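>
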Amino acid sequence: MSSQVIAPIPGIFYRRPAPDKAPFVEEGDAVEVGQTIGVIEIMKQFTEVRSESAGVLTSFSIEDNGMVGPGDVIATID
Numbered sequence: 144m145s146s147q148v149i150a151p152i153p154g155i156f157y158r159r160p161a162p163d164k165a166p167f168v169e170e171g172d173a174v175e176v177g178q179t180i181g182v183i184e185i186m187k188q189f190t191e192v193r194s195e196s197a198g199v200l201t202s203f204s205i206e207d208n209g210m211v212g213p214g215d216v217i218a219t220i221d
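For the sequence shown, our numbering assigns the number 144 to the initial residue and increments by one for each residue that follows.
Written out as structure tokens, the structure reads:
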């Protein structure tokens, strides 16, 4: 059964903790409950985006550095 990771706030979604760092997680990686999969930045404040279910991250719906709104689907986990 699939679950979706939903954006809690508007802003810019980043898949990496910093431009020179590796992504938090890649498509096809196993994720645990509470694992950070990215961050959303708004006005220089960063909010971690965490998985609410365990499984395999099958796809990102938002590109790295992409704009998100509250309720937007960020990723799908199977």
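Glycine is no exception: its CB is placed at the ideal position from the N, C-alpha and C atoms. Since the structure is predicted, the reported quantities are computational estimates derived from the model, not experimental observations.
1. I need the straight-line Cα distance from Ile149 to Asp163, nearest angstrom please.
2. Pull up the DSSP beta-bridge partners for Val148, would you.
3. Name the one or two DSSP bridge partners that Ala173 has.
4. For Met186, does the three-state DSSP call read helix, strand or coil?
5. Please check the pair Arg159 and Thr179, which I expect to be a contact at CB under 8 Å, by giving their CB distance rounded to whole angstroms.
6. Around the C-beta of Phe167, are 16 or more other C-beta atoms found within 10 angstroms, so that it is buried, or is it exposed?
7. From the DSSP output, in three-state form, read off Phe156 for me.
In terms of the structure at hand:
1. One C-alpha to the other measures close to 26 Å.
2. According to DSSP, Val148 bridges with Ala218.
3. Ala173 is bridged to Val199.
4. Secondary structure at Met186: coil, using DSSP grouped into helix, strand and coil.
5. Cβ atoms of Arg159 and Thr179 stay farther apart than 8 Å, at about 11 Å.
6. So Phe167 ends up on the buried side.
7. Looking at Phe156 - three-state DSSP - the assignment turns out to be strand.
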